[in-house]
Structures are given as C-alpha cells and as structure tokens.
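Student: In the numbering used here, the protein residues as written are 17 to 143.
In this text, a Cβ means the ideal position worked out from N, Cα and C, and glycines have one as well.
Fair warning: this is a prediction, and the values are worked out from it, not measured in the lab.
Okay, here's the structure, questions in a sec.
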C-alpha cells in the first residue's frame, strides 16, 4: 500500500532551497549565453553543471523528497502491473483494426445513403 499523504509545513529554509534552485537554473542559462565566446564545450559544461547543482539543491528540499517518494511509489505500482502477452496484444490490436474497418464501412454507407436520400429524392438536384 502506498504511503499516506502527510501535510508538511514549508519552512523558511525549504523556501530558501527552492529559491536557490531556481536561481541556479537562471544562472546556468545566463552563463550558457554569456560564455558564448569561450566555446561550446565550456558553454555546455557550465549549463549542465548549473542544472545538476540546481537539481541537487531541489532534491534536498522537502518538495524534492516528496517528488522522489512519489517516483518510488509510482515505480512500485508499475511493478505490480500484469502486462499482456504478445499473443493477447496482437489479438486486441486485430480487434481494434477490425472494429475501425467496420465503423468506416458503416459511416461510409450511412453517408452515401443520406446523400442519396437528400440530394436525389428530397431536393432532386442529381438527375
């Protein structure tokens, strides 16, 4: 069973961590553009380093821990899923395609019937 949700109060330190993470993202993007003359290796290195630092700061905040907990709970639930076999998948795909073909034929027949009734019989436009 998944963990029960617990309401937590965001502290000032947690807000500071979130602000620092956002500031690191902004600084890494700004550094990417400001280091254009240094070459692409330094540009991308600064961007990736800044984003990695921002992710690390975010993950130690309360919201980051909640995100990691949500991810682990979701992964645990995915492991419980019983996936269909290849045969079942191909059978269901065949059923879907068959139904689509039948519906296409039905809608085409209905369209042509209404066209014949309205244009030929009621309005008499086609003679």
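If distances are taken between C-alpha atoms only, which option among 73, 44 and 71 comes closest to residue 61?
Tutor: The shortest C-alpha separation from residue 61 is found at 44.
Student: So, is residue 74 buried or exposed, given that buried needs 16 or more other C-beta atoms within 10 angstroms?
Tutor: By the neighbour-count rule (16 or more Cβ atoms within 10 Å), residue 74 is buried.
Student: Grab me the residues of residue 40's own chain with a C-beta within less than 6 Å of its C-beta, minus the 5 sequence neighbours each way, in chain order.
Tutor: 66, 69 and 70.
Student: Please work out which residues of its chain come closer than 8 Å, Cβ to Cβ, to residue 132, disregarding the five sequence neighbours upstream and downstream, and give them in chain order.
Tutor: If we look at residue 132 and ignore the five residues flanking it on each side, it has no Cβ neighbours.
Student: Hey, quick one: how far does the alpha helix (DSSP H) through residue 87 stretch, first residue to last?
Tutor: Per DSSP, residue 87 belongs to the alpha helix (DSSP H) from 78-96.
Student: If you follow the alpha helix (DSSP H) that residue 53 is part of, which residue opens it and which one closes it?
Tutor: Taken as a continuous stretch (DSSP letters only), residue 53 belongs to no alpha helix (DSSP H), as it is neither H nor E.
Student: Report the rounded CA-to-CA distance for residue 95 versus residue 34, giving the unit in angstroms.
Tutor: If you take the alpha carbons of residue 95 and residue 34, they lie about 32 Å apart.
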